[in-house]
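Comments concern the structure below.
There are 2 protein chains.
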Amino acid sequence: MINIKRSLGAKTIIYPTPVLIVGTYDKSGKPNVMTAAWAGICCSVPPCIGVSLRKATYTYGNIIDRNAFTVNVPSEDQVKNADYFGIYSGRDVDKLSHARFTSIKSELVDAPYVKECPVVLECRLLSAVEIGLHTQFIGEIMDVKAEENVLDEDGLPMIDKVKPIIFAPERRDYYGIGEFLGKAFAIGRKED
Amino acid sequence: MINIKRSLGAKTIIYPTPVLIVGTYDKSGKPNVMTAAWAGICCSVPPCIGVSLRKATYTYGNIIDRNAFTVNVPSEDQVKNADYFGIYSGRDVDKLSHARFTSIKSELVDAPYVKECPVVLECRLLSAVEIGLHTQFIGEIMDVKAEENVLDEDGLPMIDKVKPIIFAPERRDYYGIGEFLGKAFAIGRKED
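Dropping the structure here:
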């Protein structure tokens with residue numbers, strides 16, 4: 005077997021990678037947001053999401069202090085703000101005000117979510133896993149909230165209405181969502 | 005502030021969610037693949053990916069035994085096979101043969117990768133994090149390998165050539181990649 009694949013080295017490459025906005029309160033109660041891509045659902049029961057952050061981020065200390073965070077899914081028309089939230093630190097600038105985004109205090113966890121994002125998750129910190137440069141915060145999803153205009157007749161979000169942003173590591177490209185390809189747990193069923 | 009968002013309950017919803025094929029060897033040395041969506045990069049240094057699996061899966065035992073797995077990124081024209089790999093168990097069927105996919109033995113870790121997938125990651129098991137129904141396997145990425153025809157002039161994969169599959173939880177929809185939206189760490193920079 006000849007392997008025609010080229011070796012790229014030990015890199016953090018996977019597709020798709022999400023673009024998510026993490027919402028927290030700092031010690032003074034000021035809401036802050038930062039963009040994270042090293043994240044994904046990590047358990048169904050309890051429903052959990054893992055978000056990995058460097059200790060150097062302002063959000064890191066906020067999560068440790070408050071034991072809570074939100075995960076906000078930006079829409080593709082918010083891509084410039086999502087990028088902005090990933091470049092600057094909440095230590096230096098009030099990013100939400102600068103982007104003219106609005107924070108709403110969660111009634112479930114001690115963190116703010118972003119009004120303008122179509123889908124938001126309210127998470128309580130379950131554990132912090134030290135891996136290396138990044139610490140993975142595992143948050144139990146206490147509730148998902150969504151804008152009415154992205155929901156189908158069953159009250160479930162439609163990804164083509166949410167229009168999330170997809171990040172391509174290394175080349176650092178943002179992409180939008182494309183065409184419907186099929187139904188999961190259905191199109192791969194074998195008749196024989 | 006009136007919150008017009010609708011509460012959907014505690015659900016595993018986030019966008020985008022990946023569709024990844026996990027490759028392992030079983031005790032007898034038979035290569036197996038399964039599709040996983042609860043996954044994401046979780047550390048830059050060392051480069052790591054987290055993949056969450058239920059203990060009931062065949063792959064779970066294989067990873068525990070071999071301390072290794074691969075993560076293979078399928079292309080959208082492989083969506084039916086990717087779905088198939090997530091429906092059936094390697095206990096009951098030789099999924100790779102059935103799908104006419106080819107396994108290649110990694111020279112770096114004790115696991116097989118999928119020749120037909122445009123991008124593959126070879127991972128050694130770093131740790132297993134018990135969360136609940138799912139166990140998160142954190143794998144150190146030892147190498148990324150890619151097909152020549154998805155690489156740019158700098159040798160980096162282009163996501164619009166890889167054409168990964170995006171999964172929308174709850175509605176269980178598969179989608180493809182869409183339009184280029186902009187450059188990360190660039191389009192959000194403030195001039196003022």
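Sequence lines, in order, name chains A and B.
For any residue, its number in the numbering used here is found by taking its place in the first sequence, counting from 1, and adding 4.
For any residue, its number in the numbering used here is found by taking its place in the second sequence, counting from 1, and adding 4.
The beta carbon of each residue, even a glycine, is placed where N, CA and C say it ideally should be.
Quick caveat, the model's predicted, so the values are computed rather than measured.
- Within the region 83-116 of chain A, V83, K84, N85, A86, D87, Y88, F89, G90, I91, Y92, H102, T106 and I108 place their CB atoms closer than 8 Å to a CB of chain B, listed in sequence order.
- Under the 8 Å criterion on CB atoms, A132 of chain A is classed as non-interfacial with respect to chain B.
- By DSSP's assignment, M38 of chain B forms a beta bridge with B:V26.
- Residue contact with chain B for T16 of chain A: present (Cβ-Cβ distance below 8 Å to some residue of chain B).
- In the three-state reduction of the DSSP assignment, E126 of chain B falls in the strand class.
- Per DSSP, N66 of chain A lies in no beta strand (DSSP E) segment; the continuous alpha helix (DSSP H) that holds it begins and ends at Y62 to R70.
- In summary, K149 of chain B is buried, with 16 or more beta-carbon neighbours lying within 10 Å of its beta-carbon over all protein chains present.
- At least one CB atom of chain A sits nearer than 8 Å to the CB of V148 of chain B.
- According to DSSP, F171 of chain B shares a beta bridge with B:T21 and B:Y178.
- In this structure, P20 of chain B and I170 of chain B form a Cβ contact; the two beta carbons are roughly 4 Å apart against a cut-off of 8 Å.
- Under the Cβ criterion of 8 Å, L57 of chain B is not counted among the residues facing chain A.
- For L137 of chain A, the closest alpha carbon among the candidates A:L57, A:K167, A:I53 and A:G27 is that of A:L57.
- Against chain B, the beta carbon of S11 of chain A has neighbours under 8 Å at D147, V148 and K149, listed in chain order.
- In the DSSP assignment, T74 of chain B is bridged to B:G27 and B:E126.
- The beta-carbon of F141 of chain B is placed no less than 8 Å from the nearest beta-carbon of chain A.
- Per DSSP, the beta-bridge partners of H138 of chain B are B:R58.
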